[in-house]
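Just add 22 to the spot in the sequence shown (first one is 1) and you have my numbering.
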Amino acid sequence: MNNSLLKHLDGDDPGGWSEPAALDRRRTAKVGLRVLLAVVSSLFFLFLIAFIARSQLGDWQALTDPLAPLASTGRLWLNTTLLVVASAGLQWARYSARRDDHRAALLGMLIGAAFAIAFLIGQLLVWQQFTAWGYGVSGNPANSFFFLLTGLHGAHLLGGLVALGWTFTRLHGQAQRAYTGIDLCATYWHYLLALWLLLFALLTSTPATYQAIAAFCGLR
């Protein structure tokens with residue numbers, strides 16, 4: 023998340039969390055988040071188009087081949103579960119903040135942060151597995167795209183953790199005052215979960231699936 027969004031995350035207002043000034047800040051922050059998500063979506067869309075186009079060339083070595091790292095997707099499923107729990111934690115924090123339940127909101131934020139960090143660690147372990155099996159970044163175009171796409175996704179999740187930490191420091195014992203930040207972080211977490219599910223489905227697909235997508239998009 024960018025600095026302009028961070029300025030509006032806490033939603034603090036001495037006159038109360040539903041005062042006009044606070045509502046204006048919420049609207050501004052939500053518009054900022056929508057713009058950010060549109061930019062991120064455009065970025066990943068371009069990379070995914072490049073991924074599909076590149077997969078049609080003869081030197082593409084599928085990561086789902088029997089002896090390739092993604093022949094078994096158990097670790098990625100585990101990481102996906104971690105991110106689902108992180109997203110659920112932020113949703114709980116959002117619901118609790120709306121009810122001004124400080125403890126529950128705090129717990130939800132901690133769950134969201136902890137499981138997001140666990141997801142990132144899990145992704146690093148997958149990278150380690152790739153390298154150990156000889157599937158380094160420069161070994162094959164498919165490897166390069168895997169590292170690129172998962173790395174970009176992880177970088178955006180790290181940005182979300184920074185924003186969540188910013189919001190955490192502004193709870194001040196009143197969850198409603200931090201509702202805007204929690205609400206934005208929850209939306210961002212849900213977006214990154216949906217994005218990861220798309221990446222997961224694509225990265226673990228077979229060459230036949232890539233061919234079908236390429237034909238549908240006119241890339242063959």
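Just so it is clear, CB atoms sit at the ideal spot from N, CA and C, and this is done for glycine as well. These figures come from a predicted structure and were not determined experimentally.
Fill in: Nearest-angstrom Cα separation, counted from Arg76 out to Trp188
Taking the sequence shown and counting its residues from 1, one reaches residue 188 at position 166. Taking the sequence shown and counting its residues from 1, one reaches residue 76 at position 54. Answer to the nearest angstrom: the Cα atoms are 39 Å apart.
Practice prompt. Take the Cβ of Leu112 as the centre, count every other Cβ of all protein chains shown within 10 Å, and call the residue buried at 16 or more, exposed below.
Written response: Position 90 of the sequence shown holds residue 112. Label assigned to Leu112: buried.
Discussion item. Are the CB atoms of Trp218 and His178 within a distance shorter than 8 Å?
Written reply: For this step, residue 178 is matched to residue 156 along the sequence shown. For this step, residue 218 is matched to residue 196 along the sequence shown. No.
Discussion item. Less than 8 Å between the beta carbons of Trp99 and Ala164, yes or no?
Written reply: Counting from one through the sequence shown, the residue named residue 99 turns up at place 77. Counting from one through the sequence shown, the residue named residue 164 turns up at place 142. For Trp99 and Ala164, no; Cβs fall outside 8 Å.
Worksheet item: If we call anything under 8 Å between Cβ atoms a contact, is Ala200 one with Leu193?
Response: Start at 1 with the first residue of the sequence shown, and residue 200 comes out as number 178. Start at 1 with the first residue of the sequence shown, and residue 193 comes out as number 171. Their beta carbons are under 8 Å apart, which means Ala200 touches Leu193 by this criterion.
Worksheet item: Hey, quick one: how far does the alpha helix (DSSP H) through Ser166 stretch, first residue to last?
Response: For the purposes of this step, residue 166 is identified with residue 144 of the sequence shown, where counting begins at 1. Here the alpha helix (DSSP H) through Ser166 covers Pro163 to Phe190.
Item to complete: Check whether the Cβ atoms of Gln150 and Thr172 sit closer than 8 Å, and answer yes or no.
Response: In the sequence shown, the residue the question calls residue 150 occupies position 128. In the sequence shown, the residue the question calls residue 172 occupies position 150. Taking 8 Å as the cut-off, the Cβ atoms of Gln150 and Thr172 do not count as close.
Fill in: Three-state secondary structure assigned by DSSP to Pro229
Within the sequence shown, residue 229 is the residue found at index 207, counting from 1. Here Pro229 sits in helix by DSSP.
Worksheet entry | Top-ranked residue by Cα proximity to Thr226, from Leu85, Leu65, Leu70 and Val57 | In the sequence shown, counting from the first residue as 1, residue 226 sits at position 204. Comparing Cα positions, the closest option is Leu85.
Worksheet item: Under 8 Å, do Val106 and Ile133 count as touching if we go by C-beta distance?
Response: What you label residue 106 is simply residue 84 of the sequence shown in a count that begins at 1. What you label residue 133 is simply residue 111 of the sequence shown in a count that begins at 1. It is not a contact, given that the beta carbons lie outside the stated cut-off.
Discussion item. Determine whether the beta carbon atoms of Leu186 and Ala135 lie at a separation below 8 Å.
Written reply: Within the sequence shown, numbered from 1, the residue matching residue 186 stands at position 164. Within the sequence shown, numbered from 1, the residue matching residue 135 stands at position 113. Yes; because the gap between Cβ atoms is below 8 Å, this pair is in contact.
Practice prompt. State buried or exposed for Pro91, treating a residue as buried only when at least 16 other CB atoms are found within 10 Å of its CB.
Written response: Reading the sequence shown from its first residue, position 69 is the one you call residue 91. Flag for Pro91 reads buried.
Discussion item. I'd like the list of long-range same chain contacts for Thr209, defined as Cβ closer than 7 Å, with 5 residues on each side in sequence excluded.
Written reply: Taking the first residue of the sequence shown as 1, we reach residue 209 at position 187. Excluding sequence neighbours, Thr209 sits near Leu55.
Worksheet item: Anyone know if the C-beta pair for Asp123 and Ala197 falls short of 8 Å?
Response: One-based indexing of the sequence shown puts residue 123 at position 101. One-based indexing of the sequence shown puts residue 197 at position 175. In contact: Asp123 and Ala197 (Cβ atoms closer than 8 Å).
Worksheet item: Count the other CB atoms within 10 Å of the CB of Trp39; is the residue buried (16 or more) or exposed (fewer)?
Response: Here residue 39 refers to the residue found at position 17 of the sequence shown. For Trp39, the predicted model reports a pLDDT of 47, less than 50, meaning its position is unreliable; a value from the coordinates is still stated below. With 16 or more other Cβ atoms within 10 Å, it is buried.
Item to complete: Please go through the segment 44–114 and give each complete alpha helix (DSSP H) segment of 4 or more residues, from N-terminal end onward.
Response: none
Worksheet item: How many angstroms separate the CA atom of Ala221 from the CA atom of Phe167?
Response: Within the sequence shown, the letter at position 199 stands for residue 221. Within the sequence shown, the letter at position 145 stands for residue 167. The sequence shown places Leu at residue 221, rather than the Ala named in the question. Distance between the alpha carbons of Leu221 and Phe167: 11 Å.
Discussion item. Could you compute how far the alpha carbon of Leu128 sits from the alpha carbon of Gly182?
Written reply: Locating residue 128 in the sequence shown gives position 106, where the first residue counts as 1. Locating residue 182 in the sequence shown gives position 160, where the first residue counts as 1. So the two alpha carbons sit approximately 16 Å from each other.
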